[in-house]
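Participant:
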Amino acid sequence: DASLTFNQFGAELPNSGMNEKGLVVEIMWLADSRFPAPDGRPVINELQWIQHILDTCADVDEAMAAAKKFSTLAVYAKVHYLVCDASGRCSAFDFLDGALRITPPQSITAACMTNDPYADSAAFLAEHQGFGGKKKVPQGRGSLARFARASALAKKLGAVPGDPVAEAFQILDSVSMGDYSKWNLVYDQSRKRVYYRSRGSWKIKMVNLASFKASCSTPSMVLDMGQAGQGDVSARFSPFDQKRNQSLVDSSLRDLGAGLPPGTAQGLGRLHGSFSCHLSK
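Per the working numbering, the very first residue in the sequence shown carries number 65; after that it's consecutive.
#1: Between R105 and G162, which are expected to be in contact by the criterion C-beta below 8 Å, what is the C-beta distance as a whole number of angstroms?
#2: Shortest alpha-carbon distance to F339 belongs to which of D65, V286, E76 and V107?
#3: Kindly indicate the opening and closing residues of the alpha helix (DSSP H) around F21.
#4: Is the CB-CB distance between V143 and E110 below 8 Å?
#5: In whole angstroms, what separates the C-alpha of P169 from that of S155?
#6: What residue range is occupied by the uninterrupted beta strand (DSSP E) comprising K307?
#7: According to the Cβ coordinates, are V88 and Y251 closer than 8 Å?
#8: Considering just the uninterrupted stretch of the alpha helix (DSSP H) at S215, what are its terminal residues?
#9: Give me the Cα-Cα distance between G74 and L320, rounded to the nearest whole angstrom.
#10: According to DSSP, what are the bridge partners of H144?
#11: Looking only at C-alpha atoms, which of F70, T178 and A66 sits nearest to K261?
#12: Check whether the Cβ atoms of S135 and P181 lie closer than 8 Å to each other.
#13: Return the chain-ordered list of same chain residues with a C-beta closer than 6 Å to the C-beta of V286, the five sequence neighbours on each side being excluded.
#14: Out of curiosity, what's the CA-to-CA distance linking T120 and Q330?
#15: In the DSSP assignment, find the unbroken beta strand (DSSP E) run with F163 in it and report its ends.
#16: Taking C-beta to C-beta, are S254 and G81 nearer than 8 Å?
#17: Would you call the CB atoms of L189 and A175 closer than 8 Å?
#18: Just to confirm my understanding: we take L312, look at its own chain, exclude 5 residues before and 5 after, and list those with CB closer than 7 Å. What are they?
#19: Could you give the uninterrupted runs of the beta strand (DSSP E) lying entirely in the region 110-145, keeping only those of 3 residues or more?
#20: Does DSSP classify T69 as helix, strand or coil?
#21: Helix, strand or coil for L335? Go by DSSP, reduced to three states.
#22: From I172 to K307, what distance separates their C-alpha atoms?
#23: Does the distance from the C-beta atom of L217 to that of S240 stay below 8 Å?
#24: Just to confirm, are R347 and V224 a CB contact at a threshold of 8 Å?
#25: So the beta strand (DSSP E) A156 belongs to, where does it begin and stop?
#26: Along the chain, where does the alpha helix (DSSP H) that runs through L249 open and close?
#27: Could you give the C-beta distance for V258 and L68, rounded to a whole number, given that I count them as a contact under 8 Å?
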C-alpha cells in the first residue's frame, strides 16, 4: 500500500503515518519496553515496524497478524504503538518483559496512547468519571493524567456542531508537553486526509492522499514539515532527493551522534535505495 509518513530520520524510517486504506500507525515512548530477543524470525527496528505495517496491512486485523511474523529490535528508542483503521477499530502494541503484548480492538476502552503500557493506562482511566469510576478527570502533565484527559475529550469529539479537525487540535493542545511536542497530526481516515502543524510553522496544513498516484514508476514525493504556509499543501511536494534526505538525517542525528556507531548517518541516508517498490492490486 502507498502511504503518507512523517519522518525525522530519513526515508523508510517513519515516526507515524497513514496508508491509502486509511490505516494509521502512531508511536509513543515507553520506558517500560523490553523487546524480545531475536528468535529466527525476520528482524526489523522500531521505526521500520511502522513502515512495514503501513506497506502490508489494510486494517487492524492484518496488523495484529503481521506483527507476530517478525521480531522487533529497538536500535535506539523504547516505544510502543497504536494502530487504527478506517472503520475506527484500534489495537495497542506493547513490548513488555521480552514479549509482544497486543491489546485487540474489543479490549480497547479508549483509542489513546501516552507513555505507560496500554493496560495500565486503561486501568487508570477506569477509575474516572465517564469510564466507570468516580474520580474527576485529572489536569496534570503526567502520562496517565494525559491519557485520561485525552480519552475524556475524545469521547466528546463531535458532540456539538463545529469543525472536528479544529476540535482534535484543541485536544492535542490540552495534553501538550510544550516545546517537547514538536508536531501535531490529525488524521481524517474516511477522506484520506492528514492535517498537521510543526514548531517550524504552527499554522495548520493539510495533505490529501488523493492528490498522489500510487505508482512504482514515479518517485516518492516529499515536503519539509517546517515550511511556512497553511491549508492544502499537497501540490507543494517535490520528488525525493538523496541530498535532502541525507541533510535531514544529519540534522536529526546531530545531538545523538556521540552514542551511535561511526557511519550511522551515512547508512540511514542511503537506506531508501535498498528497497524496491511493489504494489499489490
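The C-beta atom is built at its ideal place from N, Cα and C for all residues, glycine as well.
Facilitator: Walking through what the data contain:
#1: About 14 Å; that fails the 8 Å criterion.
#2: E76
#3: As shown, the chain starts at 65 and ends at 345. That puts residue 21 outside it, with no answer to give.
#4: yes
#5: 5 Å
#6: Careful: K307 lies outside any beta strand (DSSP E), inside the alpha helix (DSSP H) at Q306 to L317.
#7: yes
#8: S207 to K219
#9: 15 Å
#10: M92
#11: The question names Lys, yet the displayed sequence has Arg at residue 261. Among F70, T178 and A66, the Cα nearest to that of R261 is on F70.
#12: no
#13: F304
#14: 27 Å
#15: At residue 163 the sequence reads Ala, which differs from the Phe that was named. Run containing A163: A163 to T167, per the beta strand (DSSP E) assignment.
#16: no
#17: no
#18: G74
#19: 135-137
#20: strand
#21: helix
#22: 42 Å
#23: no
#24: In the structure as shown, the chain starts at 65 and stops at 345, and residue 347 therefore has no counterpart that could be examined.
#25: C154 to L160
#26: That residue, L249, is in no alpha helix (DSSP H); its beta strand (DSSP E) goes W247 to D252.
#27: 6 Å
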